[in-house]
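Worksheet: one structure, shown below.
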Amino acid sequence: MVKSIINAMILFALIALTAYLAFHYAPIEKTMGVIQKIFYLHIACAFSAFVAFGICFYANLRYVFTRQPKADWLGVSAAEVGLAFISVVLVSGPIWAKPVWGTWWVWDARLTLTFVLGLLYVSYLLLRSMIEEPDKRALFSALFGIFAFLDVPLVYFSIRWWRTQHPQPVILGGPGSGLDPRMRVSYLLMWGALTGLLILLLTARYRLEAMRASVEELRREAEAQ
Amino acid sequence: MALLSNAAVLLEKELRTEYRSRELLTTTAVFILLVFMLFSITFHPTGSESQQFGPGLLWMAFLFAASLMLQACFLREQTNDTLSALRLSVSDPFAIFFAKLAANTLFLLLTELFMLPFFAGFFNVRILHVLPQLFLVFFLGSLGIAIPGTAFSAISAQARMRELMLPLLLLPVLTPVLIASTEVTAGLLDVQPAMNYSGLGLMIGFDVVFLTALWLFGEYLLEE
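Sequence lines, in order, name chains U and H.
The first sequence begins at -17 in my numbering and counts up one residue at a time.
The second sequence begins at 60 in my numbering and counts up one residue at a time.
The following block contains the structure:
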């Protein structure tokens, strides 16, 4: 308990430092101005969300093949944490888009598919709440999770295949793309900090799910007696 | 070979059930007609608007209709308690999915083709000169709807509020198919028809990816 409080405090300090760097160390972007600062959060959160959904996919596969309850706990934890991060992406995106595109939201391919990705994991969690029996719930939600994750590559490919207003990839976008070194440091630190946050939230949620499962088991034993 | 012969027998069973009741095809066709009518009286589109929004509406109507039609696929087995018997009757559980998938694709395709003249009439679009290409798009689209649709029908049959669960699970997954099929159809129904090959590629990719997943995980979907 004490250890996790210390970890959370270290992480909080790191996030505060990266926020300071993003605003005062990294230069202001030439065309977009100060609103571009939101990218530090937006992109790092998108990255964490995708990592979380990746972990969820791994946990789902693991559950289907091994039937260990631990894999199911990891799956639901990763889905919830991923959903939290993608919510930040879906809120920070429109805040950036309003001054730059002149509108909060456009139904362009990547926005739509990110939105869809969020909806997929909402459906995953809803499905879990609709199946009572723990083994069935774990198996069928894992199977749905596997199918849902197959939409993720489509999100990626849609960047280049469909007409889009979205900025082209800057960091690994090919010739002409690239970042100012000070921007890069701020991005990397933000990435590090939010990956840390992802790990922290994931472990806390996993522990909660483990406790919930043991409570459920104790209750069932008590009812049987 | 056992897979194909098992699947053929099961497909015949699906077709015979539908031939006897004719429930799915008629209700789905009427549902699509209703969507056409509701759209037209709600938005009252002009000639050019009809052409602009027609392809999207067409596929949306197909998608909603499919999400209702596919409910029956595993629910019928569940209510009649025939799923275990079905499992015992085949050596490879994928044969069950293969048969149900083939039947669902066929039902969807038939309804879509039957509805096409109505669409052309209501929305004033010319279809005859691009009929073979439209058939290809309809086939790939129906397959794309039916693959995850059949899989999720098996999942939602296990859940509470299953009638609501299937569209909730299915519709977000089908978004790429909806976008791609609308794009390709719009290209074909344009004044100067053109085939959108990247859209077609996406549909083929979607079908291949989800068919492989169904083949790999189908047996787990049938666990009770």
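Note that beta-carbon positions come from the ideal geometry of N, C-alpha and C, so glycine has one too.
My output table needs one value for residue i: the three-state DSSP class, helix, strand or coil.
i, result
"glutamate 71 of chain H", "helix"
"threonine 164 of chain H", "helix"
"valine 299 of chain H", "Outside the shown range of chain H, which is 60 to 283, sits residue 299 of chain H, and nothing can be said about it."
"arginine 219 of chain H", "coil"
"asparagine 42 of chain U", "helix"
"arginine 81 of chain H", "coil"
"methionine 55 of chain H", "Residue 55 of chain H lies beyond the range of chain H shown here (60 to 283); nothing can be said about it."
"valine 250 of chain H", "coil"
"isoleucine 113 of chain U", "coil"
"valine 89 of chain H", "helix"
"threonine 31 of chain H", "Past the edges of chain H, shown from 60 to 283, lies residue 31 of chain H, and the structure says nothing about it."
"glutamate 191 of chain U", "helix"
"glutamine 130 of chain H", "helix"
"isoleucine 141 of chain U", "Bear in mind that a pLDDT of 47 at isoleucine 141 of chain U, under 50, signals an unreliable position, so the number given afterwards is only what the model happens to contain. Helix, per DSSP."
"glutamine 50 of chain U", "coil"
Who does residue i pair with in a DSSP beta bridge?
i, result
"glycine 15 of chain U", "U:Glu11"
Here's a check: name, in chain order, each residue in its chain whose Cβ is nearer than 7 angstroms to the Cβ of residue i, leaving out the five neighbours to either side.
i, result
"alanine 154 of chain H", "Leu62, Asn65, Ala66, Leu69"
"leucine 43 of chain U", "Ile128"
"glycine 106 of chain H", "Asn183"
"glutamate 73 of chain H", "Ala158, Lys159, Ala162"
"phenylalanine 198 of chain H", "Leu168"
"alanine 88 of chain H", "Thr170, Phe173, Met174"
"leucine 145 of chain H", "Glu136, Ile155"
"serine 215 of chain H", "Arg221, Met224, Leu225, Leu228"
"phenylalanine 98 of chain H", "Leu116"
Label residue i either buried or exposed according to how many other C-beta atoms from any shown protein chain fall within 10 Å of its C-beta, with 16 as the threshold for buried.
i, result
"arginine 79 of chain H", "exposed"
"aspartate 140 of chain H", "exposed"
"leucine 93 of chain H", "exposed"
"serine 105 of chain U", "buried"
"lysine 80 of chain U", "exposed"
"glutamine 18 of chain U", "buried"
"valine -16 of chain U", "exposed"
"threonine 94 of chain U", "buried"
"glutamate 171 of chain H", "buried"
"histidine 24 of chain U", "buried"
"proline 9 of chain U", "exposed"
"glutamine 251 of chain H", "exposed"
"leucine 275 of chain H", "exposed"
"tryptophan 86 of chain U", "exposed"
"isoleucine 77 of chain U", "exposed"
"phenylalanine 133 of chain H", "buried"
Leaving out five residues before and five after residue i in sequence, what residues of the same chain have Cβ atoms less than 8 angstroms from its Cβ?
i, result
"alanine -10 of chain U", "Leu182"
"leucine 83 of chain H", "Glu77, Met128, Ala131, Phe166"
Within the same chain, show all residues whose beta-carbon is closer than 6 angstroms to that of residue i, passing over the 5 residues directly before and after it, in chain order.
i, result
"serine 300 of chain H", "The structure shown does not extend to residue 300 of chain H, since chain H is modelled only from 60 to 283, so the question has no answer here."
"alanine 245 of chain H", "Pro114"
> In chain order, which beta strand (DSSP E) runs of at least 3 residues are fully inside the stretch 70 to 100 of chain U?
Replying inline: Correct list: empty.
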